[in-house]
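In our numbering, the protein residues as written are 56 to 289. We put the beta carbon where it would ideally sit given N, CA and C, even for glycine. Computed from a predicted structure; not experimentally measured.
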């Protein structure tokens with residue numbers, strides 16, 4: 056190639072070539088279908104046929120976009136992690152509400168979302184956590200990374216609650232955030248079992264009450280007293 060001719064060539068402008076657009080569109084459609092299937096069935100029981108049936112594409116198109124089911128599952132998990140992080144930001148960064156009310160709003164929205172799909176769909180991360188020992192080795196670390204990102208968002212909100220005096224000054228927002236997600240995934244599974252958002256609300260009521268009844272550590276108490284609750288005996 057003539058270097059002078061190459062230097063004078065202008066970069067392509069406008070929309071990408073049709074073939075590239077079709078590849079991206081098909082890939083995104085497969086991921087969306089995967090989100091529907093995997094939030095219902097998890098990874099191990101999910102079949103490629105169910106994924107492509109939703110969007111009526113040939114199996115060859117699937118393997119053109121993803122080299123394996125594992126690669127597909129990781130792409131779906133990444134998309135879900137990003138989607139849910141955005142949802143958390145929508146609620147937990149809303150300065151129009153006090154911190155704990157933001158978390159309560161998130162809980163209500165989650166319940167409404169489950170009701171919308173007749174409780175067939177759960178949390179993809181929760182589904183995969185149950186399957187973790189049997190998943191390909193790349194999945195557990197990805198799950199931990201996503202959970203850490205979610206915990207950081209809740210912890211940031213709880214730091215604001217602590218600064219506002221809503222929860223005790225010596226509590227650990229990070230420890231509470233970890234506890235929140237441990238319990239939350241169980242509440243989601245229970246909600247699917249009983250076909251009701253009640254377990255989500257019950258869990259939040261318990262968690263919020265516990266946070267607001269934690270008392271500051273007294274002299275002589277254990278250094279790690281962040282989750283100690285007030286003695287209610289008279």
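- In the DSSP assignment, residue 265 falls within the unbroken alpha helix (DSSP H) covering 253-267.
- Apart from sequence neighbours up to five positions away, the residues of its chain that approach residue 176 with a beta-carbon distance below 6 Å are 94, 95, ordered along the chain.
- Going by DSSP, residue 120 is part of the alpha helix (DSSP H) stretching over 114-120.
- Residue 139 and residue 145 have their alpha carbons spaced roughly 10 Å apart.
- In the DSSP annotation of this structure, the continuous segment of the alpha helix (DSSP H) that includes residue 163 starts and ends at 154-171.
- Judged by DSSP in its simplified three-state form, residue 81 adopts helix.
- The C-alpha of residue 232 lies about 5 Å from the C-alpha of residue 210.
- Counting the other CB atoms within 10 Å of its CB gives residue 135 a total of 16 or more, which places it among the buried residues.
- Judged by their CB atoms, residue 191 and residue 128 are nearer to each other than the 9 Å cut-off.
- When secondary structure is reduced to three states using DSSP, residue 221 falls in the coil class, being assigned neither helix nor strand.
- Of the residues 256, 247, 83, the one whose Cα lies closest to the Cα of residue 169 is 247.
- Residue 131 and residue 255 do not touch by the CB rule: their CB atoms are close to 23 Å apart, not below 8 Å.
- Residues of the same chain with a CB within less than 6 Å of the CB of residue 261, apart from the 5 flanking positions on each side, do not exist.
- Distance from the CA atom of residue 91 to the CA atom of residue 182, rounded to whole angstroms, is 13 Å.
- Just so you know, the alpha carbons of residue 155 and residue 166 end up roughly 17 Å apart.
- Residue 89 counts as buried, since at least 16 other C-beta atoms from the protein chains shown sit within 10 angstroms of its C-beta.
- For residue 247, the uninterrupted alpha helix (DSSP H) segment begins and ends at 228-249.
- In the three-state DSSP reduction, residue 144 falls in the helix class (H, G or I).
- Apart from sequence neighbours up to five positions away, the residues of its chain that approach residue 184 with a beta-carbon distance below 7 Å are 198, 240, ordered along the chain.
- Around the beta carbon of residue 101, 16 or more other beta carbons sit within 10 angstroms, so the residue counts as buried.
- Rounded to whole angstroms, the gap between the alpha carbons of residue 106 and residue 172 is 18 Å.
- In terms of Cα proximity to residue 80, the closest of 108, 117, 196 is 117.
- Following the DSSP letters along the chain, one finds residue 184 inside the alpha helix (DSSP H) bounded by residues 179-186.
- Straight across, the Cα-Cα distance linking residue 133 with residue 115 is about 23 Å.
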